[in-house]
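What follows is one structure encoded as structure tokens, with my remarks underneath.
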Amino acid sequence: MLFLITLGISSWNPNLDSTQPKEYTHALESGRVPFLPHLSFEIAEDERYLLSPKWSDPKAKNISYDPQTELVKHTSATGADKEAIGRMMARYADYAHKLVESLFPAYRRGIRIGRTSYRPAEADGRSSSVRKDDRLLHVDAFAASPVQGERILRIFSNINPDGKPREWTLGEPFDLLAPQFLPKIQRPIPGSSWLLKTLGITKGKRTEYDHYMLQLHDQEKLDSNFQQTCPKRFVSLPAGSTWIVYTDLVPHAVKSGQFCLEQTFYLPVESMQEPDLSPLRKLEGLLGRKLV
Ligand code: SIN
Ligand code: FE
Numbered sequence: 003m004l005f006l007i008t009l010g011i012s013s014w015n016p017n018l019d020s021t022q023p024k025e026y027t028h029a030l031e032s033g034r035v036p037f038l039p040h041l042s043f044e045i046a047e048d049e050r051y052l053l054s055p056k057w058s059d060p061k062a063k064n065i066s067y068d069p070q071t072e073l074v075k076h077t078s079a080t081g082a083d084k085e086a087i088g089r090m091m092a093r094y095a096d097y098a099h100k101l102v103e104s105l106f107p108a109y110r111r112g113i114r115i116g117r118t119s120y121r122p123a124e125a126d127g128r129s130s131s132v133r134k135d136d137r138l139l140h141v142d143a144f145a146a147s148p149v150q151g152e153r154i155l156r157i158f159s160n161i162n163p164d165g166k167p168r169e170w171t172l173g174e175p176f177d178l179l180a181p182q183f184l185p186k187i188q189r190p191i192p193g194s195s196w197l198l199k200t201l202g203i204t205k206g207k208r209t210e211y212d213h214y215m216l217q218l219h220d221q222e223k224l225d226s227n228f229q230q231t232c233p234k235r236f237v238s239l240p241a242g243s244t245w246i247v248y249t250d251l252v253p254h255a256v257k258s259g260q261f262c263l264e265q266t267f268y269l270p271v272e273s274m275q276e277p278d279l280s281p282l283r284k285l286e287g288l289l290g291r292k293l294v
């Protein structure tokens, strides 16, 4: 199994040969991680002071930015400092959007930009709970924000100023992972999705797909035997590099690293080049019924 596909791109808005987008999209959708060792996100001289864990809110770890509302959340910064963080994150959101549209032009029509996240804390720190501990292998699923079958595509850039890599592990392919956990997952309780929405626990309906993905995420993290014994590959992602992952498909864990930017995108399954490679279609195939 090849985990990474290394691309020699050094621009956020690259010109590609005509056959490359199709090839890159196929690799990405198949669960490989496009790794761009020469694509760095530049931090301006007067932004260097933003590279400090003191700007994170101790309760949240990650600083978040919403490109739609232009609001920065979960930071201790106020006034001009908060504005500077917002400008840096807005620039990252813009670059990441350009990159996705260049590398995967087929996505232009369906893609929706989500939150930007800035992670100034050391990743190898204490976590509040096992479910929230991203040092354990998992596929992404959001308890409060159901995606209703849409894909979760994330762009990461290591912006560490001291040359420290971000160390990840990647797990086995979804096709091998899902069948191990599905038999242990119960069907959702009838009416639970309505209740979660009515009580305001979820923003929107938690579909059966969201239920299975969330259970998969939780069960993987809670299974210490699985964490220890499952096949995995260690990857070191250098400072100044960028990588792109379908985090709903590729089991991943962060082992260490500090200072990272991440941009999330959502994509309807129908906008994929090969929709059958989506976790939605794979789970529907395994369970023999529609999940959204
Ligand atoms: C995650 O998405 O699970 C965490 C990745 C990271 O912060 O490097
Ligand atoms: Fe994750």
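The numbering of the sequence shown is this note's numbering, which starts it at 3 and goes up by one. Glycine residues also receive a C-beta, built at the ideal position from the N, C-alpha and C atoms.
So which of the options has the shortest CA-CA distance to residue i?
| i | options | result |
| --- | --- | --- |
| residue 114 | 270, 64, 169, 280 | 270 |
| residue 122 | 33, 36, 59, 140 | 59 |
| residue 50 | 142, 164, 75 | 164 |
| residue 18 | 106, 156, 209 | 106 |
| residue 231 | 108, 129, 45, 138 | 138 |
| residue 110 | 126, 250, 267, 222 | 267 |
| residue 7 | 183, 21, 26, 13 | 26 |
| residue 151 | 158, 86, 213, 93 | 213 |
| residue 195 | 288, 33, 87, 209 | 209 |
| residue 161 | 45, 286, 292 | 45 |
| residue 92 | 69, 217, 189 | 69 |
| residue 283 | 20, 229, 176 | 176 |
Residues in the same chain with beta-carbon distance under 6 Å from residue i, minus the five sequence neighbours each way, listed in chain order, please.
| i | result |
| --- | --- |
| residue 235 | 5, 172 |
| residue 215 | 143 |
| residue 154 | 142, 249, 250 |
| residue 101 | 14 |
| residue 247 | 35, 156 |
Residues in the same chain with beta-carbon distance under 7 Å from residue i, minus the five sequence neighbours each way, listed in chain order, please.
| i | result |
| --- | --- |
| residue 38 | 9, 11, 243, 244, 245 |
| residue 136 | 255, 256 |
| residue 52 | 86, 87, 90 |
| residue 181 | 288 |
Could you name the residues that DSSP lists as bridge partners for residue i?
| i | result |
| --- | --- |
| residue 256 | 170 |
| residue 140 | 254 |
| residue 245 | 37, 158 |
| residue 121 | 262 |
| residue 111 | Residue 111 is not bridged to any residue. |
| residue 6 | 35 |
| residue 237 | 170 |
| residue 269 | 153 |
Residues in its own chain within less than 8 Å of residue i by CB, not counting five upstream and five downstream?
| i | result |
| --- | --- |
| residue 129 | 135, 136, 137 |
If you measure from each CB to the nearest heavy atom of the ligand SIN and keep those under 5 Å, what residues do you get, in chain order? 136, 256
Suppose only complete runs of 4+ residues qualify. What are the alpha helix (DSSP H) ranges in the stretch 21–106, listed by chain order? 22–31, 81–105
Output the residue ranges of the alpha helix (DSSP H) runs that lie fully inside the stretch 193–242 and measure 4 residues or longer, sorted by chain position. 194–200, 210–224, 226–231
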